[in-house]
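In this note's numbering, the protein residues as written are -6 to 151. The C-beta atom is built at its ideal place from N, Cα and C for all residues, glycine as well.
In structure tokens, the structure reads:
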């Protein structure tokens, strides 16, 4: 895979406490999202935060990794739904830190069974660069389920 470089810009007006900013996808121009300190620590009020953007990045990284693993196994997905929940908390002596990222992955992959789907999920986590980044200082948990007509196979490690 070639080296990947992407950029985002933030323009902030005013103080951190009372100001606001706009986060822009500089490379793709795909989005301009408002942000504020209030949206980071309180009610989002239609604005984003670094933690929400990290959750979106981790979910997107994981879903593309999982889709690739399923295709490699000969069972390309029809549909994947991934939610990522990022938790930031106070860590004694360190201040606020990202402490966990929880992935919930639901998939429809014709030809896959619970075992092959679980193997794809494990490989997807191992191949997801955001999982690796987060695991350097926090935990990553994954709850996965393969959905077939009339049946869901829970693959949560446990």
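For residue 20, verify whether its CB is less than 7 Å away from any heavy atom of the ligand GDP. Summarising the ligand content, the structure contains no ligands, and the ligand GDP is consequently not present.
Name the two residues that bound the continuous beta strand (DSSP E) containing residue 94. As a working mapping, residue 94 is identified with position 101 in the chain shown. 88 to 101 is the span of the beta strand (DSSP E), which, as asked, contains residue 94.
If you check the beta carbons only, do residue 134 and residue 95 fall under 8 Å apart? The residue labelled residue 134 in the question sits at position 141 within the chain shown. The residue labelled residue 95 in the question sits at position 102 within the chain shown. Going by C-beta atoms, residue 134 is nearer than 8 Å to residue 95.
Roughly how many angstroms lie between the CA atoms of residue 54 and residue 86, to the nearest whole one? As a position in the chain shown, residue 54 is number 61, starting the count at 1. As a position in the chain shown, residue 86 is number 93, starting the count at 1. Using only the alpha carbons, I get a separation of about 31 Å.
What's the C-alpha gap between residue 93 and residue 45? By one-based count along the chain shown, residue 93 stands at place 100. By one-based count along the chain shown, residue 45 stands at place 52. Answer to the nearest angstrom: the Cα atoms are 13 Å apart.
Tell me, to the nearest whole angstrom, how far the beta carbon of residue 52 is from that of residue 76; I am working on the premise that it is less than 8 Å. Counted from its first residue, the chain shown places residue 52 at position 59. Counted from its first residue, the chain shown places residue 76 at position 83. Confirmed, Cβ separation roughly 6 Å.
Between residue 139 and residue 102, which are expected to be in contact by the criterion C-beta below 8 Å, what is the C-beta distance as a whole number of angstroms? Here residue 139 refers to the residue found at position 146 of the chain shown. Here residue 102 refers to the residue found at position 109 of the chain shown. With 8 Å as the limit, residue 139 and residue 102 qualify as a contact, their Cβ atoms being about 7 Å apart.
Rounded to a whole number of angstroms, what is the C-alpha to C-alpha distance between residue 63 and residue -5? Residue numbering aside, residue 63 sits at position 70 when the chain shown is read from its first letter. Residue numbering aside, residue -5 sits at position 2 when the chain shown is read from its first letter. Those two C-alpha atoms are separated by around 22 Å.
Does the distance from the C-beta atom of residue 68 to that of residue 109 stay below 8 Å? Your numbering for residue 68 matches position 75 in the chain shown. Your numbering for residue 109 matches position 116 in the chain shown. The answer is yes: Cβ separation under 8 Å.
Nearest neighbour of residue 6, chosen from 0, -1, 14 [CA to CA]: In the chain shown, residue 6 corresponds to position 13, counting from 1. Checked all of 0, -1, 14; the closest Cα to residue 6 is 14.
According to the neighbour-count rule (16 or more other Cβ atoms, all chains shown, within 10 Å of its Cβ), is residue 2 buried or exposed? Here residue 2 refers to the residue found at position 9 when the chain shown is read from its first residue. Counting Cβ neighbours within 10 Å, residue 2 comes out exposed, since fewer than 16 surround it.
Coil, strand or helix - residue 118 by DSSP: For the purposes of this step, residue 118 is identified with residue 125 of the chain shown, where counting begins at 1. Residue state, collapsed to three classes: helix.
Go ahead and label residue 137 buried or exposed: buried means 16 or more other beta carbons lie within 10 angstroms of its beta carbon, across all protein chains shown. On the chain shown, residue 137 is found 144 positions in, with the first residue counted as 1. With 16 or more other Cβ atoms within 10 Å, it is buried.
Cutting at 6 Å between CB atoms, please list the residues of its own chain near residue 26, excluding the five before and the five after it. For this step, residue 26 is matched to residue 33 along the chain shown. Closer than 6 Å at Cβ, skipping near neighbours: 16, 41.
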